[in-house]
Amino acid sequence: MKKNIILVLVCAFAAAAASYATVRCTPAASGDNLTQAGESFHRTVNLDLDDYPDFTYAAESAVDAVVYVKVTVTDKVSQPSSIFDFFFGYEGTPQQRERVGSGSGVIIREDGYIVTNNHVIDNASKIEVTLNNNETYEAKLVGTDPATDVALIKIEANNLPIVPMGDSDQLRLGEWVIAIGSPYDLRSTITAGIVSAKGRSMPNYSGEFKIESFIQTDAAVNPGNSGGALVNKAGQLVGINTAIISQTGSYTGYSFAVPVNIVKRIIADLMDFGSVKRAMLGITMQNIDKKLAEELKLSSLNGVYVVEVASGSAAEAAGIKKGDVLVKIGGVNLKDGASVQEKVNSYRPGENAEITLIRDGKELVLNVEFKASASETGSVDETGAVAFYGSRIQAASKDVLKALGAKKGVEVVSVGPGKLADAGVSEGFVILYVNNVAVGTPQDILNIIKKSERAVYVEGVDKSGRANYFGFAK
Numbered sequence: 004m005k006k007n008i009i010l011v012l013v014c015a016f017a018a019a020a021a022s023y024a025t026v027r028c029t030p031a032a033s034g035d036n037l038t039q040a041g042e043s044f045h046r047t048v049n050l051d052l053d054d055y056p057d058f059t060y061a062a063e064s065a066v067d068a069v070v071y072v073k074v075t076v077t078d079k080v081s082q083p084s085s086i087f088d089f090f091f092g093y094e095g096t097p098q099q100r101e102r103v104g105s106g107s108g109v110i111i112r113e114d115g116y117i118v119t120n121n122h123v124i125d126n127a128s129k130i131e132v133t134l135n136n137n138e139t140y141e142a143k144l145v146g147t148d149p150a151t152d153v154a155l156i157k158i159e160a161n162n163l164p165i166v167p168m169g170d171s172d173q174l175r176l177g178e179w180v181i182a183i184g185s186p187y188d189l190r191s192t193i194t195a196g197i198v199s200a201k202g203r204s205m206p207n208y209s210g211e212f213k214i215e216s217f218i219q220t221d222a223a224v225n226p227g228n229s230g231g232a233l234v235n236k237a238g239q240l241v242g243i244n245t246a247i248i249s250q251t252g253s254y255t256g257y258s259f260a261v262p263v264n265i266v267k268r269i270i271a272d273l274m275d276f277g278s279v280k281r282a283m284l285g286i287t288m289q290n291i292d293k294k295l296a297e298e299l300k301l302s303s304l305n306g307v308y309v310v311e312v313a314s315g316s317a318a319e320a321a322g323i324k325k326g327d328v329l330v331k332i333g334g335v336n337l338k339d340g341a342s343v344q345e346k347v348n349s350y351r352p353g354e355n356a357e358i359t360l361i362r363d364g365k366e367l368v369l370n371v372e373f374k375a376s377a378s379e380t381g382s383v384d385e386t387g388a389v390a391f392y393g394s395r396i397q398a399a400s401k402d403v404l405k406a407l408g409a410k411k412g413v414e415v416v417s418v419g420p421g422k423l424a425d426a427g428v429s430e431g432f433v434i435l436y437v438n439n440v441a442v443g444t445p446q447d448i449l450n451i452i453k454k455s456e457r458a459v460y461v462e463g464v465d466k467s468g469r470a471n472y473f474g475f476a477k
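All residue numbers for the sequence shown refer to my numbering, where the first residue is 4 and numbers rise by one.
Below, the structure written as structure tokens:
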């Protein structure tokens, strides 16, 4: 009898030990445990602490490199100096009125270079930067790129905290990110969300589509966040927050950031040249839909259909033709038009890339050398004229200079949409001075503008010999 009791106890102990070992050895997140209560089921999932999103490292390592940017814009307004001016419509005495705005910025170099949004500092007469430790500096504008809404400013300081740059191409849908900025003047605010989409295009302030490809996230972003950092869990900068979609002007679900891989090239150009050297392929394209894929007997909807090839473009020189389907640039698969724009904008004019396309059902690989935009300031056309803010300029001929009684100057040979046209400049205008320095070649003008911190002041004569002048913000 005693032996039977001992045997039962040993068996019970062994069963309990086996059950305990099984539970301990089973991974915490290996599956769901379902228990029944009446007619309902309760689902429980055991997660290890490492599986929970923890942003403490990313937040603490990046927050000191995100700054508060305060801008002052000076407007000139005319107010009637008397009751007679008011009733008879005279402009009266011009007066200055100051407006104050704010945004955010990200320190990208220890010696004071800060990236922000173009719309944050646009038309600013004064830019102030306040660090996370409350130190304030006056900043100067290095350069802007309105097409991507990126601007570069600089403060005179050293040994500043920076955010290491990541690789926005490696971002995955659903990946956790945090947004850091100063919404509504609430300094160093941190919000979290996920990558909702990549390669987004969105309307800009003039209603046209931007040429870049944005990261969409549901991290809360509000006015004041513009120019701030979008950071991954590793504490790396993956984007610059730039806009939200909202019916009210406040956060309602989605925000957009410029991918850091685009920002890298933009700021490199602004540092080196003072303007962005944007590569152009020179095609009109459309996305592939099901109907088009069936007509062309394509195996997928990825890529873009070439509707038109611009004459004299990089695409024409490479051998791309109307009706081709582009599927890869530089070995990177193309999904749609936004991905083409993003990839092309990762190159500079003069650089080469392999383009994979489908023509008549066959795959071809061509080599393309990218060209500059025809309207890009500093680019040269086949006649030798130089692009200058939408217009084209060249050294004035001896006959033109003799007729005007000038020793040297630069002639505006054509006027297109841009700052010269906005100033009322007409074809044939001869530029004699820029920022009070005499000029004789387009390069003289470009060199002066590159050194200019903010404004450009131009003096010259029109076709009739009448002196004129104008100015514009750089």
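Idealized CB from N, CA, C, for every residue including glycine.
Under a Cβ-count criterion, where at least 16 other Cβ atoms within 10 Å of its own Cβ denotes burial, should residue i be classed as buried or exposed?
i, result
"E414", "buried"
"G345", "Here residue 345 is Glu; the residue named in the question, Gly, does not match the sequence. Buried, since its Cβ has 16 or more Cβ neighbours within 10 Å."
"T59", "exposed"
"P167", "exposed"
"I308", "A small correction: the amino acid at residue 308 is Tyr; Ile does not occupy that position in the sequence shown. Classification of Y308: buried, given that the 10 Å Cβ count is 16 or more."
"S429", "exposed"
"R175", "exposed"
"Q173", "exposed"
"L189", "exposed"
"N137", "exposed"
"S314", "exposed"
"N36", "Here N36 scores only 45 on pLDDT, less than 50, and its place in the model should not be relied on; the value that follows carries that caveat. Exposed, by the Cβ-count rule."
"Y187", "exposed"
"S303", "exposed"
"D275", "exposed"
"S400", "exposed"
"A470", "exposed"
Tell me residue i's beta-bridge partners as DSSP assigns them.
i, result
"R395", "A390, S417"
"R112", "In DSSP, R112 forms no bridge with anything."
"S128", "Beta-bridge pairing links S128 to no other residue."
"K374", "M283"
"N120", "V153"
"G242", "L233, P262"
"K365", "R362"
"V224", "BP columns for V224 are empty, so no partner."
"V72", "G106, V132"
Measure the CB-CB distance between residue i and residue j and report whether it falls below 8 Å.
i, j, result
"V70", "T147", "no"
"N235", "A61", "yes"
"L284", "S316", "yes"
"L367", "A321", "no"
"I286", "I332", "no"
"V261", "I183", "no"
"G202", "S64", "no"
"R268", "S349", "yes"
"F391", "L360", "no"
"V433", "G463", "yes"
"I396", "V371", "no"
"A195", "W179", "yes"
"I197", "I181", "no"
"G306", "V328", "yes"
"G443", "A406", "no"
Please report the straight-line C-alpha distance between residue i and residue j, rounded to a whole angstrom.
i, j, result
"K157", "E311", "42 Å"
"V461", "P56", "56 Å"
"V241", "N264", "8 Å"
"G412", "Y436", "8 Å"
"S258", "G106", "15 Å"
"S33", "V76", "At S33 the pLDDT is 41, less than 50, meaning the model places this residue with poor confidence; the figure from the coordinates comes in the next sentence. Those two C-alpha atoms are separated by around 59 Å."
"G474", "F217", "33 Å"
"K73", "I130", "6 Å"
"S185", "G468", "53 Å"
"V145", "E159", "13 Å"
"V118", "P352", "23 Å"
"A223", "D170", "22 Å"
"V459", "I452", "7 Å"
"T220", "N244", "10 Å"
"A441", "K365", "58 Å"
"D363", "I165", "51 Å"
"G231", "R112", "15 Å"
"K294", "A154", "42 Å"
"L301", "D339", "14 Å"
"A476", "N126", "7 Å"
"M288", "E319", "14 Å"
"I358", "K325", "15 Å"
"V26", "L273", "Its pLDDT being 46, under 50, V26 is placed unreliably in this model, and the value from its coordinates should be taken loosely. Approximately 60 Å, taken between the alpha carbons."
"A356", "N439", "43 Å"
Does the CB of residue i have a neighbour CB from chain D at under 8 Å?
i, result
"A458", "Although the question refers to chain D, the structure presented lacks it and comprises just one protein chain."
**Study point:** Length-filtered (3 minimum) beta strand (DSSP E) runs lying within the stretch 158-204
**Key:** 179-184, 192-203
Practice item. Let me know the beta strand (DSSP E) ranges lying completely inside the stretch 262-333, each 3 residues or longer, listed in chain order. Key: 286-290, 307-312, 328-332
Exercise for review: With a floor of 3 residues, list each beta strand (DSSP E) that falls wholly inside the stretch 401-475, ordered by position along the chain.
Suggested key: 413-417, 433-437, 458-464
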